[in-house]
Structure formats: structure tokens, C-alpha cells
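*Asks:*
Residue numbers (our numbering): 60 to 367.
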């Protein structure tokens with residue numbers, strides 16, 4: 060890699076909810092299916108037991124990469140099993156109604172796109188990521204390495220801000236203590252160019268090197284699905300704010316689930332109220348019918364007594 064290009068890929072990205080072995084298998088197998096299973100009685104105490112049971116039951120259909128349980132059983136009582144393998148969908152659906160030892164599995168095809176929760180999270184994630192991707196603060200930036208590694212975060216920021224302040228208006232500084240590199244963003248492209256000219260200069264007796272930070276305009280575009288993404292570096296801010304972005308999405312989805320649960324409870328109450336109203340109406344109807352029958356019977360008895 061040339062010295063004027065900074066690979067933000069060095070910073071650790073958030074791990075997917077798979078281990079490395081599972082991820083490798085996922086990449087190797089192209090045919091993927093997600094199914095839902097109903098019929099079990101869910102509780103936190105039996106979650107692992109049911110998970111193992113589902114993995115063993117559906118492993119004949121292909122490689123079972125994950126089993127997910129509902130965050131809120133009140134909203135959704137289904138378990139979701141993701142399987143990779145040729146004909147996995149057909150094989151899994153053939154197990155519909157199969158005995159799971161005390162309960163029967165109701166198996167359905169369940170692509171994520173049809174789930175309200177998945178769609179809500181997907182839409183909000185796109186919104187947050189695009190907002191960060193297009194943030195005006197991260198258009199022009201450099202990465203600095205080679206400074207005194209013993210400095211604390213605040214000390215690094217103070218020293219480098221002072222060193223590059225003559226280049227232009229600095230609007231954001233990100234110090235990465237783990238990889239010993241710091242990203243500095245400028246309000247104008249001229250500031251970035253001036254900062255690049257300070258490559259090889261001294262900061263507190265240490266020779267520093269400057270490189271361009273990957274930005275939206277400079278990052279290599281991701282390759283189409285199926286092609287290798289080797290060499291692609293996302294804009295540096297996407298990695299810098301990865302944890303914050305995840306927290307923001309998690310908070311949003313917690314509120315979403317709470318609102319969804321509130322709506323579900325409200326719908327259940329209304330449904331129960333309607334059922335109770337119908338029940339009362341039927342009881343009143345029966346009561347009126349019984350009263351009418353009793354009245355007719357008494358009238359008939361009266362007519363019989365008058366004939367004597």
C-alpha cells in the first residue's frame with residue numbers, strides 16, 4: 060500500500076453474530092433459506108435445549124447456521140432457523156408437522172423481508188448509515204502515524220491539533236490508541252492538501268507520516284454480490300462510529316419493539332372486549348329466547364286451564 064493511502068480496514072469492524080467457521084461455511088454455500096417453527100413452549104430456561112433440538116432436527120436439510128428466538132414472545136412466538144444447502148427449503152418444509160418429542164413442529168418458509176421487525180431495522184439502519192456516510196465533516200481528512208506511542212488520547216489530540224492547525228480549520232479528530240493512528244478532518248480540501256505536505260515532519264521529536272483517510276469519494280466501491288471484497292476500505296468514519304451506530308440502532312429497535320408490544324396488547328384487549336361483548340350478546344339472546352319460551356309455555360298452560 061502506498062504511503063498516501065490509509066487503509067481504515069486496520070480498525071476492527073463489529074463482528075457478525077456468527078463465528079469464523081460459520082461465516083466461512085456461509086460463504087461457501089450459496090443456497091440459503093430461513094424457516095419459522097411454531098408449536099414449542101418458549102422460556103429462557105429451555106432456550107438452549109430447544110436450540111439444540113432444532114439444529115439436530117433440521118441438520119438433514121443442510122448446514123444449520125443459526126437459530127433465533129423472539130426478543131418478545133408476546134409479539135412473535137416463532138423460532139427462526141437459517142439453513143444453507145441445495146434443496147434446503149423443500150427438505151425443511153417436508154418436516155412440517157413432524158414430532159419433536161412432546162410437540163409437533165409447524166414449519167413455514169419465512170424470508171426476512173416479510174418480517175415487520177426485520178424491515179424496520181433494515182430501514183433504520185440504512186437511514187443511520189447513509190446519514191453518517193454523507194456527513195459533511197468527513198469529506199477531507201488525513202491519517203497520521205509515527206507520533207510518540209506513549210502519549211494519552213488527549214495528549215495526542217492536543218499535539219497533532221497544534222501541529223496541523225496552520226493547515227486549515229480542523230473540525231474532527233479521532234485518536235485510535237490501539238492502532239496508534241489518528242484521523243484529522245478539515246473543513247476544506249486545501250487544509251487536507253496542506254496537511255499532506257507535512258509528511259515526514261517532526262512532532263515532539265518523532266517523525267510522523269501522513270496518509271489520506273478513506274472518504275466517501277475515495278473509498279473503493281464494494282464489488283457486486285458473489286465477487287470478492289478484498290481491498291475494499293469503507294470510509295473511515297463508518298468504522299470510527301461503528302459501536303455508536305450499533306447502540307443507536309439497538310436503542311431504536313428497543314423502542315420499536317416496545318411500541319409494537321403496546322399495539323399488540325391494545326389489539327388483544329380490543330379483541331378480548333369484542334369477544335366478551337359477543338359473549339354477552341349471545342347470553343342475552345339466549346336469555347330473551349328462554350323468557351319468550353317460558354312466556355309461551357305459561358300462556359299455553361293458561362289456555363288449557365280455561366278449557367276446563
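Note that the Cβ used here is the ideal one computed from N, Cα and C, for glycine as well.
Would you mind sorting residue 303 into buried or exposed? The rule is 16 or more other CB atoms within 10 Å of its CB.
*Replies:* exposed
*Asks:* Going by Cα to Cα distance, which pick from 247, 262 and 276 is closest to residue 193?
*Replies:* 276
*Asks:* Please report the straight-line C-alpha distance between residue 265 and residue 258, rounded to a whole angstrom.
*Replies:* 12 Å
*Asks:* Give me the Cβ distance between residue 204 and residue 242, rounded to the nearest whole Å; I'm assuming they're in contact under 8 Å.
*Replies:* Not a contact, Cβ separation roughly 11 Å.
*Asks:* Could you tell me the alpha carbon to alpha carbon distance between residue 322 and residue 357, rounded to whole angstroms?
*Replies:* 52 Å
*Asks:* Can you check the segment 155-207 for any beta strand (DSSP E) of at least 3 residues that lies completely inside it and give the ranges in chain order?
*Replies:* Annotation: the segment 155-207 contains the following complete segments of the beta strand (DSSP E) (minimum length 3 residues), in chain order: 165-168 and 199-204.
*Asks:* Quick one: any contact between the segment 133-151 and the segment 94-106, if contact means 3 or more CB pairs under 8 Å?
*Replies:* yes
*Asks:* Bridge partners for residue 233 per DSSP, in chain order?
*Replies:* Paired residue(s): 242.
*Asks:* Taking DSSP as the reference, what is the three-state secondary structure of residue 355?
*Replies:* helix
*Asks:* Under the DSSP definition of a beta bridge, which residues are partnered with residue 140?
*Replies:* 94 and 126
*Asks:* Along the alpha helix (DSSP H) that carries residue 220, what are the first and last residues, could you check?
*Replies:* 212-223
*Asks:* What does the Cβ neighbour count give for residue 83, buried or exposed, with the cut at 16 atoms within 10 Å?
*Replies:* The predicted position of residue 83 is uncertain, since its pLDDT is 48 and thus under 50; no value can be drawn from it.
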